[in-house]
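These notes concern the structure reproduced below.
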Amino acid sequence: MDELGSALRHSDEPNFRVAPFLFMPKGNLSSAVSFSILWPTQNVQKGDRCTRDFLLGIGEDKQRSARLTAWFHTPENYPCISLIAKIAYEKHHQKLLSPSLIPPTIQSSETRSIIHQPGGRPLRVYTNIPHVEEYLTHLKFAISKFNACRLELYLNFFFVLSKEPKDADIVWTSVQVDEDMKKAVGITEQQYINQFPFEASLVMKHHLAETIQKAHGSPQWLQPTYNLETHLSQLIGDYCVRKKEGLDNLWILKPWNMARTIDTTTGPKICQKYIEQPALFQGRKFDLRYIVLVRSMHPLELFLSDCFWARIANNQYSLDRSSLFEYETHFTVMNYRGTINHKNANDFVREFEEEHQVKWLDIHTRVRKMIRSVFEAAAGTHPEMQSPTSRAMYGVDVMLDSSFQPKLLEVTYCPDCTRACKYDMDIVVGEGGVAKASDFFNNVSLFE
112 MDELGSALRH
122 SDEPNFRVAP
132 FLFMPKGNLS
142 SAVSFSILWP
152 TQNVQKGDRC
162 TRDFLLGIGE
172 DKQRSARLTA
182 WFHTPENYPC
192 ISLIAKIAYE
202 KHHQKLLSPS
212 LIPPTIQSSE
222 TRSIIHQPGG
232 RPLRVYTNIP
242 HVEEYLTHLK
252 FAISKFNACR
262 LELYLNFFFV
272 LSKEPKDADI
282 VWTSVQVDED
292 MKKAVGITEQ
302 QYINQFPFEA
312 SLVMKHHLAE
322 TIQKAHGSPQ
332 WLQPTYNLET
342 HLSQLIGDYC
352 VRKKEGLDNL
362 WILKPWNMAR
372 TIDTTTGPKI
382 CQKYIEQPAL
392 FQGRKFDLRY
402 IVLVRSMHPL
412 ELFLSDCFWA
422 RIANNQYSLD
432 RSSLFEYETH
442 FTVMNYRGTI
452 NHKNANDFVR
462 EFEEEHQVKW
472 LDIHTRVRKM
482 IRSVFEAAAG
492 THPEMQSPTS
502 RAMYGVDVML
512 DSSFQPKLLE
522 VTYCPDCTRA
532 CKYDMDIVVG
542 EGGVAKASDF
552 FNNVSLFE
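For the sequence shown, position 349 matches number 460 in our numbering, and the numbering has no gaps at all.
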């Protein structure tokens, strides 16, 4: 809004309303001019203060009071803040102290094995993932090549198809395959798909936090996390308690289902306690990408890839206020901006051990245990995830704090495996050896 509109103050009983209006004099968007229309909702007299409701239509069922704190500075000793801290936050905190992970109540379903087809023909694989098409070369599989002449639009995605997905034995796609999608393209329950039902409980950040908190409470490896759509009051209480106790109080906002600071101003968010004291590599922040293969949720069958890679920030780590806006200081993924600081896993581990005088095997053991706990949480709280014809590969992003405690950042569906396909990697745990980049997807596919 302009200077006039911005001058309107908030009131729970406003005397004006404001609404956006788009005028298209030529009947098309290219001629559109936007306005804010202001009109009175009560009789007003000269000298009356003009007000509007900043949160029109949002009641306490949608955290109205908590949302209004974005505009108004409330004294810490104000009863409202005390109420938030003592009731909302403490109730939430007590709930986290009583995790409810229990074994699934349903019978474990059998996971079918993918076998060669009659006559020894290769398994037909439909994919829209370029790396799978390029690197899945095992004789067991036959890839359906793309045909740029045929495009189908579904749910705002373009699918480039050669043969119909319904003709494939395996559908390996980067697009969500829900029931509507199956009906639209003819996918049956007999076909194998590279995703599990209800996997949003893992790959969407607000659901991931909810899943873990329900199963494990507040484990060391998960930073305090709040869904701003449902737990804003609890976040405010936590923030005020930490401030009163003199604890560090830096937080980070993350979109539910996007990365790299995409959409930091609109859309639903989680707010998560920032890892202010991370373990550093030569003074720089880093995180670790692990690849996890899931064959079954009930019983839980996980495979942790021998390959992992470190993603390292370009600048020296700092908490100076001026540095908080520097992408190359606080972010580690440089594929999309900046210069990638690639470090072979073997060199990274060797130099990290020398710098910090620790054994990487001890860290790796803690990471494995954490990853297992994450998927146990999903299996225990969401038994409906099990599907005998589902297989999936997930990226698990991990950071270490200054005590080398693993911290879960996120779980990613259909992870970017460019580095795994581009660089041969020394295997630094287990029996050692070298993981050939050209064999990455062939090795993944054998965990059928």
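Even for Gly, the Cβ is constructed at its ideal location relative to N, Cα and C.
Counting only the same chain and skipping the five closest in sequence on each side, list residues whose C-beta sits under 6 Å from that of residue i.
i	result
A567	For residue 567 there is no data in the structure shown, the boundaries of the chain being 112 and 559.
L266	Below a pLDDT of 50, predicted positions are generally treated as unreliable, and L266, at 31, falls in that range; no measurement from the model is reported.
P125	T162, R163, D164
H467	none
N338	H317, I381
H121	F165
M513	A small correction: the amino acid at residue 513 is Ser; Met does not occupy that position in the sequence shown. The answer, listed in chain order, is Q388, A390.
L133	A143, S145
A199	S344, Q345, G348
A531	C418, F551
W471	V460, E464
L364	K380, C382
R160	none
L115	none
M536	C418, A456, A546
M408	A490, M496, Q497
If I follow the unbroken alpha helix (DSSP H) through residue i, where does it start and stop?
i	result
V485	471–492
T238	Here T238 belongs to no alpha helix (DSSP H); instead the beta strand (DSSP E) covers 234–238.
V560	Because residue 560 is not part of the residues shown, which for the chain are 112 to 559, the question remains open.
A177	175–179
F463	456–467
Y438	438–441
M292	290–296
Y350	343–355
H203	201–207
So, at 8 Å on beta carbons, what are the nonlocal neighbours of residue i in its own chain, with the 5 sequence-adjacent residues on each side left out?
i	result
T216	Per-residue confidence for T216 stands at a pLDDT of 43, beneath the threshold of 50, marking its modelled position as unreliable; the derived number appears in the next sentence. Once the five neighbours on either side are set aside, the close Cβ partners of T216 are P494.
T299	K277, K293
S142	M135, P136
T180	I347
V478	L399, Y401, V509, P517
T376	none
G169	Residue identity differs from the one stated: residue 169 is Ile in this sequence, not Gly. Once the five neighbours on either side are set aside, the close Cβ partners of I169 are R175, R178.
Q301	T500
Return the bridge partner residues of residue i from the DSSP annotation.
i	result
R400	W420, D508
N338	I381
Y524	Y505
R163	H121
A546	M536
L411	M408
W150	R128
I304	V282, S501
K518	M510
V144	F134
Specify, as a first and last residue, the run of the beta strand (DSSP E) that residue i falls within.
i	result
T284	Unbroken run through T284: none, as it is neither H nor E.
A130	127–134
Within its chain, find whatever has a CB closer than 7 Å to the CB of residue i; leave out the 5 residues flanking it on each side and keep chain order.
i	result
G378	P366
P131	S145, S147
H318	A311, S312
P151	N126, F127
V288	V282, I298, I304, Q306
F515	A390, V469, I474
Q331	Q516
Q324	L207
I386	Q334, M510, D512, K518
K533	A548
V243	W283, F552
D576	This structure cannot speak to residue 576, because the chain is shown only from 112 to 559.
Could you tell me which whole beta strand (DSSP E) segments of length 3 or greater appear in the segment 360–398? Runs of the beta strand (DSSP E) lying entirely within the segment 360–398 and spanning at least 3 residues, in chain order: 362–366, 380–384.
Mind the definition here: the segment 498–514 touches the segment 382–399 only if three or more C-beta pairs lie below 8 Å; say whether that holds. Yes, they touch.
Flag this pair as touching only if the segment 430–437 and the segment 536–550 have three or more C-beta atom pairs under 8 Å; answer yes or no. no
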